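Worksheet: one structure, shown below.
In my numbering, the protein residues as written are 263 to 409.
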């Protein structure tokens, strides 16, 4: 994978500019080895992973989106109407939350007839869990001593 091909002096748009950064690919988020390597390249990758996970946490800080996540953990797949009923919210409101979660790579959708069905992206959830786990494993002795 080559380093940035932007070629200009203009920095890439940031979330504060109203632009949403695309979710990194699974290869870019491979946290199993990236956190244990050292050097400038791995540090940049680790920083990008941490920023991506922070954005996922910000997204899930919303009560409705956290409920959607919980429902999708319980059920393998749900359609929009089922989620609307469970959340007691309108279809446009629920669809907005689902679109944000899909753009972040947390869920995937498929269309069957007139219905959209949503499911979790297990690899993405595992990547987030692994990153948080790695961060705590580095200091687990300190956490045990504090308990």
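Don't be surprised by glycine CBs; every beta carbon is placed ideally from N, CA and C. These figures come from a predicted structure and were not determined experimentally.
C-beta contact flag for residue 378 and residue 335 at 8 Å: no
Closest to residue 384 by C-alpha separation, out of 312, 339, 323, would be which residue? 339
Could you compute how far the alpha carbon of residue 321 sits from the alpha carbon of residue 355? 15 Å
DSSP three-state assignment for residue 386, whether helix, strand or coil: helix
Starting from the C-beta of residue 366, find all residues in its chain whose C-beta is less than 8 Å away, skip the five residues before and the five after it, and write them out in chain order. 285, 317, 318, 321
Can you tell me whether DSSP reads residue 351 as helix, strand or coil? coil
The alpha helix (DSSP H) spanning residue 327 covers which residue range? 325-336
Cβ of residue 360 within 8 Å of Cβ of residue 330? yes
Can you have a look at residue 328 and say buried or exposed, based on whether 16 or more other CB atoms are within 10 angstroms of its CB? exposed
Start-to-end residues for the beta strand (DSSP E) that takes in residue 366: No beta strand (DSSP E) holds residue 366; DSSP gives it neither H nor E.
At the level of alpha carbons, what is the spacing between residue 352 and residue 326? 12 Å
C-beta atoms of residue 364 and residue 357 nearer than 8 Å: no
Out of 390, 398, 332, 345, point me to the one whose CA is closest to residue 310's CA. 390
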